[in-house]
Amino acid sequence: MNRRASSPFIAVAAAVGLAFGTACTAESGSGGGGSAPPTTEASEAAQDTPKATPSERGEREDLVSFELDDRSQAGISDVWVVWTIKNNSSKKSNYTWDWEAVDANGTRVANSTEYVTDVQPGQSSKGEMVTVIKSVDGIKLNVTSFERMMAP
C-alpha cells in the first residue's frame with residue numbers, strides 16, 4: 042500500500058476515535074437545566090482572524106450553520122451542537138474544525154473538534170453531537186479553527 046495514500050486514512054481514523062473517546066470536555070459547568078430557547082450563535086471572529094487568507098475565509102463559508110440546540114426536558118439537561126456544511130468547492134472534501142463554548146464571564150465551559158468526511162461538490166451535510174453544557178443561557182460558540190481538505 043502506498044504510504045502517502047494511507048496516511049490520511051490513518052489520521053482520520055485516529056481523529057474519529059479521539060472524538061468519540063473525548064467528545065466534549067467541560068472545564069466548568071453553568072448551573073441549571075431549564076428549557077430556555079437557544080440564544081447562541083457561531084462566532085464570526087474566527088472568520089476574521091488576522092491569520093486568515095482569502096482562501097481560508099472561503100473555506101470557512103462552507104460552515105453554513107453552527108449552533109447549540111437545547112433539548113432539555115423535565116429538568117434534565119440535554120444540549121447538542123448542530124451544524125450544516127455545504128461543499129462550495131469543485132472537489133470532494135473533508136472538514137475539521139475546533140470550537141469552544143464560552144459563558145458570559147468569558148470562561149470556556151466546553152470544547153471539541155468536529156469532523157465531516159466525503160462531502161461531494163455542492164452537497165450539504167448536517168450533523169450533531171451531544172455536549173456537556175448544562176444551559177445555553179449566556180453561552181457563545183466560537184469556531185477557533187476550520188479546515189477543508191480534499192478527500193481521497
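What the sequence shown shows, in the working numbering, is residues 42 to 193, in sequence order. Virtual Cβ for every residue (Gly too), placed ideally from N, Cα, C.
Measure the alpha-carbon distance for Ser-131 versus Asp-111 and round it to whole angstroms.
35 Å
Could you give the first and the last residue of the continuous beta strand (DSSP E) run that contains Thr-154?
149–160
Beta-carbon separation of Ser-176 and Val-160 under 8 Å?
no
Strictly under 8 Å for the Cβ-Cβ distance: is Val-120 near chain C by that measure?
Protein chain content of the structure displayed is limited to a single chain, and chain C is not contained in it.
In terms of residue numbering, what span does the beta strand (DSSP E) encompassing Thr-172 cover?
Premise fails: Thr-172 is in no beta strand (DSSP E) and is neither H nor E.
Apply the 10 Å Cβ neighbour rule to Asn-128 and answer buried if 16 or more other Cβ atoms are within range, or exposed otherwise.
buried
Nearest-angstrom Cα separation, counted from Thr-125 out to Tyr-156:
12 Å
Other residues of its chain near Lys-167: CB distance less than 6 Å, five sequence neighbours each side excluded:
Thr-125
Rounding to the nearest angstrom, what Cα-Cα distance links Ala-115 and Met-191 in this structure?
44 Å
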